[in-house]
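Everything on this sheet refers to the single structure shown next.
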Amino acid sequence: MTLYLPCNKRFGSAKALQQHQETSSKHAYCERCNKHLANPNALQQHWQDSPRHHICRDCDPPYDLPNMKELDKHIEQRHQKCVACNIKYDDQRDFQRHDIDQHNLCIDCEQYFETPSNLRNHRQTHLAKNLKCFGCKRMISKYSHMVLHVENAGCALEVDCEDVIDLASECKHSFAYESSTNDYNFECPTCATPFQTVSGLLQHVESDACEEDMTSGSALSKLILFLRSRL
């Protein structure tokens with residue numbers, strides 16, 4: 001038997017005592033600190049003053065979290081409130097859109113990124129690998145990755161970066177993407193950003209850095225078809 005001095009009662013087990021401490025309206029007990037308070041108001045004051053407690057004031061009654069990270073997570077998930085901007089949303093979809101637009105949230109893995117560019121680069125890791133390499137059975141998610149794979153002699157094709165450059169120059173649509181200067185091999189057909197490699201040019205277009213695209217009929221889509229036919 002365990003004697004509980006604050007109310008002069010005995011309990012048959014530690015579990016029974018703990019249940020009494022947590023549920024009795026006559027006592028104020030802080031389980032995390034294993035501390036007894038004089039009354040519920042004193043417990044609330046203890047939560048407010050102690051660095052071991054992080055209280056959500058949006059909950060009724062106030063809800064205690066173990067650390068600031070968990071408190072922020074609780075506020076955002078339970079109350080749909082952006083802690084950084086102190087903005088509360090009634091609709092979860094509006095809150096998620098805010099997180100994407102203002103805080104570069106990846107909705108696939110719920111990671112945040114410092115810049116929109118970092119988010120775009122990260123999102124490539126979630127793309128389905130549904131493109132078959134020109135020369136091997138490897139499945140790849142983007143054409144720029146496939147060409148880089150070939151340029152680096154990463155597949156069964158006995159070609160390298162210089163071979164890919166030569167083939168790209170042989171394509172009858174090369175006038176649209178060949179560089180206008182001798183310093184580079186290629187340039188973006190839309191914004192004229194220069195590149196030395198085909199993979200670099202394709203990565204630029206796939207990143208949405210400008211309005212150029214690889215839709216059917218474009219010079220770069222025809223380049224891909226040409227490379228596939230020649231490799």
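Numbering (the UniProt record's numbering), first residue to last: 1 to 231.
Even for Gly, the Cβ is constructed at its ideal location relative to N, Cα and C.
Residue i versus residue j - alpha carbon distance
i: cysteine 161; j: glycine 200; result: 11 Å
i: proline 66; j: glutamine 77; result: 16 Å
i: glutamine 203; j: histidine 145; result: 8 Å
i: lysine 142; j: glutamine 96; result: 27 Å
i: leucine 225; j: lysine 129; result: 18 Å
i: glutamine 44; j: histidine 53; result: 10 Å
i: aspartate 163; j: leucine 227; result: 11 Å
i: aspartate 60; j: histidine 79; result: 12 Å
Rounded distance between the beta-carbons of residue j and residue i, thought under 8 Å
i: proline 189; j: glutamate 212; result: 6 Å
i: histidine 173; j: alanine 219; result: 4 Å
i: arginine 230; j: leucine 157; result: Between leucine 157 and arginine 230 the Cβ distance is about 10 Å, and since that is not below 8 Å, they are no contact.
i: glutamate 170; j: serine 180; result: About 19 Å; that fails the 8 Å criterion.
i: tyrosine 112; j: asparagine 104; result: 6 Å
i: aspartate 58; j: tryptophan 47; result: Between tryptophan 47 and aspartate 58 the Cβ distance is about 15 Å, and since that is not below 8 Å, they are no contact.
Bounding residues of the alpha helix (DSSP H) (the contiguous stretch that carries residue i)
i: histidine 36; result: Taken as a continuous stretch (DSSP letters only), histidine 36 belongs to no alpha helix (DSSP H), being part of the beta strand (DSSP E) at 35-37.
i: glutamate 170; result: 161-170
i: histidine 145; result: 143-151
i: histidine 46; result: 40-49
i: phenylalanine 226; result: 219-230
i: histidine 126; result: Segment: none, histidine 126 is in no alpha helix (DSSP H) and carries neither H nor E.
Residue span of the beta strand (DSSP E) that contains residue i, given as start and end
i: cysteine 188; result: No beta strand (DSSP E) contains cysteine 188, which DSSP labels as neither H nor E.
i: alanine 28; result: 28-30
i: histidine 54; result: 54-56
Residues that residue i bridges to, as DSSP identifies them
i: glutamine 111; result: Cys106
i: aspartate 64; result: Ile55
i: phenylalanine 195; result: Phe186
i: cysteine 82; result: Ile87
i: leucine 131; result: Ile140
i: glutamate 158; result: Answer by DSSP bridge pairing: none, since glutamate 158 is not bridged.
i: glutamate 178; result: Phe186
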